[in-house]
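The structure appears right after this line, and notes come after that.
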Amino acid sequence: MFVLLLAVTGFLLNHTSEWSLDARILSSPMLLRWYGLESDADRPGFSADDIWLAQVDSDLYMGAKQLLSCYGDLRGAVSLGSDGPQMRQSSDKHSQQGNRERQVAIACSEELILVSRDGALLERMGAPQGLPGNVERLGKMTLEDGAEKLLLAVDTGIYWADPDVLAWTLIPADKITSKVAQWSGPTTLPEEIHAVLSRGEAERGITLERLLLDIHSGRVLGIWGVYLVDLMAFLFVVVASTGIVMWLRSGAREHR
Amino acid sequence: MYRRLIFTCVIAVGIVLHVLSLGAWAKGEYLSQTAFLDQAFAGIQPAARVCWLNDRDKETALDIFSHRYAGLRVRYWQAKEKTAWIVDEIGKTRPITIGVVVTPERKIERVRILAFRESRGWEVRYPAFTRQFVGVSAVSPGTELDTSIDGVTGATLSVKAVKRVARFALYLHERCTSDI
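Line order of the protein sequences matches chains A and B.
Here the numbering used here is used: the first residue of the first sequence is 1013, the next is one more, and so on.
Here the numbering used here is used: the first residue of the second sequence is 19, the next is one more, and so on.
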């Protein structure tokens, strides 16, 4: 049965282009659910002032516009660069050019992304660029002197940075009070944005070639399916090897 | 006879598993930003700065990378005239995080691979490859490196990515430090 499955899927995979199996899209709800691609009716969004951010798979959306993909789950978004004096005090000529417009900080669990309000990427920061840990929450607060700070709750504590996000400073948790800190939290997306994202999702599916490949490799059952195929492959090697040995031995006996 | 066969099978499977595991083993973060900057500035880490890219910079980046540079600003660190840059560039499908230190004489002092995310080509992190960049400069800002860099078999795309980032860092050093 197993050999038959491997042989049939292998045979079909050898002819995917000729028979256009790579162009046949399967979109059965059961299959999409199996692949984790079912439409997320309760997809949360995050709002940064009047801008909505959402995630479909790894792709980030600003409103209905696809921005880029990000590492990890979307954790929050805040709008930065209001008229806080911290921005104006910057002594670096190059940094000052960034004050021309407000920017939006978007946090996924493994990176922080800075974009302009029209969605142009300014910079992305992961651990190698100094992000202090896996992001849990993103927020902002305004100090008594009016300076704006970006807040980042990671697995190792709470950090803050100036709006230009050049350096992170670990701060004691008691310095952050719910009165001054505004943490970005998930909320229901506006209906029109949700409709656009869901429409995009509905157009996706699995190609027949992908399904055949996953059956052939066992991946359709997840990592344990792959291990199962590995085990079967190992058993085939053993069976083939012992078969050759037995055949050689029987040949030697006949000679005698 | 059977014992020898079983022994051979076990060794063969062991070798296959070892070779397969090398890819996953080689992926990862090799050097933190702090460690890289400590090496570059002898333990005294300067404050980060950003260099905003203008239209000419974007054109030069397009020429160097053969694709649009993703981002409008590049983070760097500077002490006196020495600069350190951390730039992501895709080798085949995933970004390699590469650190480059440029001296006041506009020559590369060191190249380090901070993070590698692909399954092949990770050999570029070895000193045998990265030390070829020491003392290398560009013929003029944004142009080819003035020294030939030997490739690594099986890591052609990663080698090209590191060379592109080295060129970009030399260009940015010239552009972003000249008008401070």
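Using N, Cα and C, we set each Cβ at its ideal position, and we do this for glycine too.
In this structure, Ala1060 (chain A) places its C-beta atom within 7 Å of the C-beta atom of Ser1091 (chain A). One finds Pro1140, Gln1141, Gly1142 in chain A with Cβ atoms closer than 7 Å to the Cβ of Gln51 (chain B), taken in chain order. Met1074 (chain A) sits in a strand when the DSSP states are folded into three classes. Ranked by how close their Cα comes to the Cα of Ala66 (chain B), the residues A:Leu1162, A:Arg1087, A:Met1153, A:Ala1173 have A:Ala1173 in first place.
For Arg128 (chain B), no CB of chain A lies under 7 Å from its own CB, so it is not counted at the interface with that chain. Taking all protein chains shown into account, Leu1124 (chain A) has 16 or more neighbouring C-beta atoms within 10 Å of its C-beta and is therefore buried.
Taking one beta carbon from each stretch, the stretch 101 to 114 of chain B and the stretch 122 to 137 of chain B have 3 or more pairs nearer than 8 Å; the two touch. Boundaries of the beta strand (DSSP E) harbouring Met1153 (chain A): 1147 to 1154, taken from the DSSP string. Assigned with DSSP and collapsed to three states, Glu1135 (chain A) falls in strand.
Look at the beta carbons and you see the stretch 165 to 177 of chain B touching the stretch 137 to 148 of chain B: at least three pairs across the two are nearer than 8 Å. Secondary structure of Leu1043 (chain A) (DSSP, three-state): helix.
In this structure, Asp1071 (chain A) lies near Gln1078 (chain A), with their beta-carbon atoms less than 7 Å apart. A:Leu1163 is the residue among A:Gly1142, A:Leu1201, A:Ala1207, A:Leu1163 whose C-alpha sits nearest the C-alpha of Lys1187 (chain A). A direct Cα-to-Cα measurement between Asp1157 (chain A) and Leu1126 (chain A) gives close to 24 Å.
Judged by beta-carbon spacing, Leu1133 (chain A) lies within the 7 Å limit of Gly89 (chain B), meaning their Cβ atoms are closer than that value. Here Tyr1171 (chain A) is bridged, per DSSP, to A:Leu1164, A:Leu1182.
In the structure shown, Thr195 (chain B) adopts helical secondary structure according to DSSP, grouped into three states.
In terms of beta-carbon proximity, Leu1178 (chain A) lines the interface with chain B, with at least one pair separated by less than 7 Å. Taking C-beta separations shorter than 8 Å and ignoring five residues to either side along the sequence, the partners of Gly1075 (chain A) in its chain run Ile1063, Trp1064, Ile1205, following chain order. Between the alpha carbons of Gln63 (chain B) and Asp1034 (chain A) lies a distance of about 52 Å.
Spatial neighbours of Gly1169 (chain A) in its own chain (CB-CB distance under 6 Å, excluding positions within 5 residues in sequence) are listed in chain order as Leu1182. Chain B has no Cβ within less than 7 Å of the Cβ of Glu1221 (chain A). Taken in chain order, the complete beta strand (DSSP E) segments of 3 residues or longer contained in the stretch 92 to 144 of chain B are 100 to 108, 113 to 120, 126 to 134.
A distance below 6 Å between beta-carbons, with the five flanking residues on each side excluded, links Arg1136 (chain A) to the following residues of its chain, in chain order: Glu1123, Ile1125.
If you look at Leu80 (chain B), you'll find it in the alpha helix (DSSP H) that goes 73 to 83.
Approximately 14 Å separates the beta-carbon atoms of Trp95 (chain B) and Leu49 (chain B); this is outside 8 Å, ruling out the contact. DSSP places Arg1087 (chain A) in the uninterrupted beta strand (DSSP E) bounded by 1086 to 1092. Per DSSP, reduced to three states, the secondary structure at Phe1058 (chain A) is strand. Ser1128 (chain A) and Gln1115 (chain A) do touch by the CB rule: their CB atoms are close to 6 Å apart, below 8 Å.
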